[in-house]
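Comments concern the structure below.
Protein chains: 2
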Amino acid sequence: MLIVKKFGGTSVADKERIMNVAKRCIRDYQEGNDVVVVLSAMGKQTDVLIDMAKDINPTPSKRELDMLLSTGEQTSVALMAMAMATFKIPAISLNAFQVAMHTTSAYGSARLKRIDTERIRHELDQRKIVIITGFQGVNKYDDVTTLGRGGSDTTAVALAAALHADTCEIFTDVDGVYTADPRIVKKARKLKEITYDEMLDLATLGAGVLHNRSVEMAKKYGVQLVVRSSLNEEEGTVVKEDVRVERMLVSGVAADRNVTRISLVGLKDVPGIAFKVFDVLGKANVNVDMILQSIGRHGTKDITFTVPGDASDDALGALEKNKDVLGYEELSINREVAKVSIVGAGMMSNPGVAAKMFEALYNSRININMISTSEIRVTVLIDVKEVDKAVNAIHDMFELED
Amino acid sequence: MLIVKKFGGTSVADKERIMNVAKRCIRDYQEGNDVVVVLSAMGKQTDVLIDMAKDINPTPSKRELDMLLSTGEQTSVALMAMAMATFKIPAISLNAFQVAMHTTSAYGSARLKRIDTERIRHELDQRKIVIITGFQGVNKYDDVTTLGRGGSDTTAVALAAALHADTCEIFTDVDGVYTADPRIVKKARKLKEITYDEMLDLATLGAGVLHNRSVEMAKKYGVQLVVRSSLNEEEGTVVKEDVRVERMLVSGVAADRNVTRISLVGLKDVPGIAFKVFDVLGKANVNVDMILQSIGRHGTKDITFTVPGDASDDALGALEKNKDVLGYEELSINREVAKVSIVGAGMMSNPGVAAKMFEALYNSRININMISTSEIRVTVLIDVKEVDKAVNAIHDMFELED
């Protein structure tokens with residue numbers, strides 16, 4: 001088997017943890033597998049480097065920031081190779097230049113384009129464990145790029161796809177994907193399996209276990225993902241295309257507090273006005289999620305939508321700057337909201353799932369602010385203070401603990 | 403003018419110093435020069451990284467150690483580019499991969515083979531200050547190498563040679579080359595100029611201002627070096643091929659305390675025995691310096707020689723392991739010795755210089771242990787406790803303060 005194993009910053013934060021990760025990888029190697037390890041920077045090293053940069057220049061060039069940040073993973077991989085050597089296991093570290101991890105040019109948020117597997121194959125053929133820097137790449141100018149937060153997951157999946165790995169294990173500080181956040185729902189249960197689409201919806205909705213782009217890529221190339229804990233030996237959750245025939249109606253409940261609701265009141269009711277609003281936001285790089293359009297007074301329109309909480313300032317700035325073009329009367333903003341969603345591939349063929357969710361919320365006297373749905377997801381916007389109550393009520397209603 | 407400026411770790415140890423170096427480079431840039439900056443890792447970062455490595459693996463692979471250490475300079479150059487940007491000066495950092503700094507494969511002590519100047523020229527043509535990682539390279543396997551301690555000097559000189567720079571300024575914490583160590587000799591005087599050969603002898607003899615290989619390379623390619631202080635605006639010392647016609651007899655006095663004397667007593671007096679001894683030491687990578695061979699008792703030979711103090715354990719190990727092959731009766735070792743040397747291109751045509759040096763030592767009642775000479779140097783081995791007295795006596799005898 002060829003196994004790609006990815007460990008985040010927490011898993012390699014100090015000597016003891018590095019040794020533990022080394023041992024874990026060596027076990028697979030000694031069972032005869034080819035092992036490729038992808039690492040993030042140690043602990044909070046990326047933040048430390050960002051602080052160093054900002055101390056010198058509050059708005060550092062993204063190119064130079066990537067040059068700086070990429071030292072973090074290079075440090076991890078070199079130390080890991082040294083750790084494995086103490087167990088007399090041949091291991092070699094490779095950075096983005098050496099793997100030829102080609103990306104787009106967008107510093108800070110580059111996308112992987114192509115990986116040359118020649119060097120990796122060569123090292124695996126010599127029965128070495130190959131340890132690769134996550135999160136980073138090289139663009140066509142030969143400059144260092146980074147893939148953005150959580151990018152190491154994407155590196156791991158891309159490597160698994162390029163190498164046709166049998167499995168890609170993502171180690172985190174949780175031991176799998178749960179029916180709900182165990183910190184909120186005491187009875188939350190770990191899922192054995194989940195589909196890519198469910199995982200995507202969960203990732204987007206802030207379950208925070210896997211980086212969204214990595215799941216998209218895994219789906220596209222059919223890479224089998226396993227989400228496991230680096231702290232214990234639990235089996236984790238397998239993410240793949242098809243799950244067992246008897247589907248659960250709902251796989252999980254997710255909550256996302258990083259939401260802001262913005263309303264534009266009194267827009268002119270003319271064709272193309274919605275386009276103009278979302279064009280302005282798109283150009284400001286703001287992702288719009290739930291959208292509600294309604295008729296206002298005196299032949300005007302109101303448009304309400306949600307944006308990620310950390311993009312709300314950018315959204316506000318863009319909307320206020322373009323007030324004349326858009327011609328709204330009033331802009332209102334609410335940061336005290338949250339999204340709660342149910343996700344499940346079984347939903348597709350089962351009408352009435354949404355109604356059951358609304359019933360749970362109604363029984364708990366929780367007001368629904370906005371609703372959006374996809375084939376395998378129902379999301380409601382509610383008051384942020386009601387999130388825990390809502391998630392528990394829904395979890396109970398669908399009997400997810402069983 | 404094209405100027406290469408090299409700053410060591412002390413000069414970029416913190417934000418304030420980085421800003422100072424940035425300003426200093428920008429001044430040259432704003433006068434219309436093309437500026438290439440070579441940096442070492444910040445402060446003691448290289449030592450910090452070595453300690454991290456050794457904490458995980460007391461004998462880390464040299465390949466992985468180089469992979470780790472090279473992050474140090476990459477951090478410096480990225481931060482420097484950010485610092486320059488705060489002054490609205492276009493600057494770009496480049497690492498060994500980006501410069502295509504080709505070296506031999508010897509990890510930890512690689513030698514530069516070839517530099518592609520295309521990328522650097524391209525950036526200079528766009529009127530950018532180009533900031534390059536010192537100390538590191540890439541070998542033919544595409545692996546990171548380092549040039550050994552002081553390697554950043556070599557990087558700077560190699561770049562100056564490859565780019566046909568008009569001058570190569572090496573910034574250190576002293577403001578030039580002195581007739582003797584100012585900490586030992588109060589009356590020591592800064593030299594305006596010195597020849598490559600004199601500088602080479604001084605470097606080898608532990609004056610410690612410039613890395614030996616960098617001076618050799620500067621001589622080979624005719625690169626004009628300037629040794630200056632990063633702390634003040636003094637003019638420094640120019641190192642070049644020819645100095646003014648009227649030569650000083652002696653340019654300076656140097657002391658080197660990193661010396662151990664080893665004697666092999668009672669070797670068989672057969673041909674090839676000296677070869678065997680130095681072959682054993684060569685294979686253990688120990689540099690032998692002064693050598694004295696004498697007839698011992700009963701038709702045996704004694705060989706006494708000096709090795710660098712930090713190589714004495716390696717030397718001892720190799721000699722003891724090969725005791726049977728070498729067949730000596732006794733091995734004695736003295737770590738309490740030091741070398742004191744006078745260096746001067748004017749010595750060549752002036753007999754009697756050595757005698758004058760011995761006279762100074764004799765007047766101070768300092769015992770000479772061993773003597774070695776070259777065309778422009780006389781070195782004596784003395785008791786380490788007498789170094790300061792010896793250096794002062796010699797400095798006075800040759801009236802170097804004038």
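As given, the protein sequences belong to chains A and B, one line each in that order.
The letter at position 192 of the first sequence is residue 192 when you use my numbering, and the numbering goes up by one with no holes.
Heads up: take any position in the second sequence, counting from 1, add 402, and you land on my numbering.
Just so it is clear, CB atoms sit at the ideal spot from N, CA and C, and this is done for glycine as well.
Here the structure is a predicted model, which means the values were calculated and not measured.
Pull the bridge partners of residue 696 of chain B from the DSSP assignment, please.
B:704
What does residue 71 of chain A reach in chain B if we use C-beta pairs closer than 9 Å?
472, 473, 474, 476, 477, 480
In the region 488 to 573 of chain B, which residue ranges form an unbroken alpha helix (DSSP H) of at least 4 residues, counting only runs that do not cross its ends?
498 to 501, 520 to 527, 553 to 564
Less than 7 Å between the beta carbons of residue 339 of chain A and residue 379 of chain A, yes or no?
yes
Residue 8 of chain A in three-state terms, based on DSSP:
coil
Using the three-state DSSP reduction, which class does residue 64 of chain A fall into: helix, strand or coil?
helix
Provide the residue span of the alpha helix (DSSP H) that contains residue 217 of chain A, from first to last.
212 to 221
Based on DSSP bridge pairs, tell me the residues matched to residue 238 of chain A.
A:193, A:226
7 Å Cβ cutoff, residue 256 of chain A in contact with chain B
no
Here's a check: name, in chain order, each residue in its chain whose Cβ is nearer than 8 Å to the Cβ of residue 590 of chain B, leaving out the five neighbours to either side.
580, 581, 582, 583, 584, 797, 802, 803
Listed by chain order, chain A residues near residue 459 of chain B by CB distance under 8 Å:
82, 83, 85, 86
Does the Cβ-Cβ distance between residue 410 of chain B and residue 447 of chain B come in under 7 Å?
no
Can you tell me the Cα-Cα spacing of residue 106 of chain A and residue 472 of chain B, whole angstroms?
24 Å
Residues bridged to residue 265 of chain A (per DSSP)
A:330
Going by other Cβ atoms of all chains shown within 10 Å of its Cβ, with 16 needed for buried, is residue 794 of chain B buried or exposed?
buried
Expressed to the nearest angstrom, what Euclidean distance is found between the alpha-carbon atoms of residue 675 of chain B and residue 731 of chain B?
14 Å
Less than 6 Å between C-beta atoms, sequence neighbours within five positions excluded: which residues of the same chain meet that for residue 373 of chain A?
none
Any heavy atom of the ligand MN closer than 6 Å to the CB of residue 398 of chain A?
Annotation note on the ligand MN: not contained in the displayed structure, which lists no ligands.
Does the CB of residue 469 of chain B have a neighbour CB from chain A at under 7 Å?
yes
Whole-number beta carbon distance between residue 558 of chain B and residue 829 of chain B, since they are thought to touch under 8 Å:
Given that chain B is displayed from residue 403 to residue 804, the structure contains no residue 829 of chain B and the question cannot be resolved.
For the region 415 to 479 of chain B, which segments carrying the alpha helix (DSSP H) assignment without a break, of at least 4 residues, lie completely within its bounds, in sequence order?
417 to 432, 447 to 458
So, at 8 Å on beta carbons, what are the nonlocal neighbours of residue 405 of chain A in its own chain, with the 5 sequence-adjacent residues on each side left out?
No statement about residue 405 of chain A is possible, as the shown extent of chain A runs from 1 to 402 and does not include it.
DSSP-derived helix/strand/coil call for residue 376 of chain A
coil
Nearest-angstrom beta carbon gap, residue 404 of chain B and residue 567 of chain B [assumed within contact, 8 Å]:
5 Å
Per DSSP, which residues does residue 260 of chain A bridge with? Please list them.
A:307
Closer than 7 Å, CB to CB, is residue 30 of chain A near chain B or not?
no
Helix, strand or coil for residue 648 of chain B per DSSP?
Residue placement at residue 648 of chain B is poorly supported in this model, since its pLDDT is 48, which falls under 50; the coordinates still yield a value, given next. Three-state DSSP puts residue 648 of chain B in coil, outside helix and strand.
With a threshold of 7 Å between beta-carbons, can residue 673 of chain B be considered close to chain A, or not?
no
CB-CB length for residue 785 of chain B against residue 769 of chain B, believed under 8 Å
7 Å
Taking 7 Å as the CB-CB limit, is residue 93 of chain A close to chain B?
yes
Helix, strand or coil for residue 770 of chain B per DSSP?
coil
Listing by chain order, which chain A residues have their CB less than 8 Å from the CB of residue 462 of chain B?
82, 85
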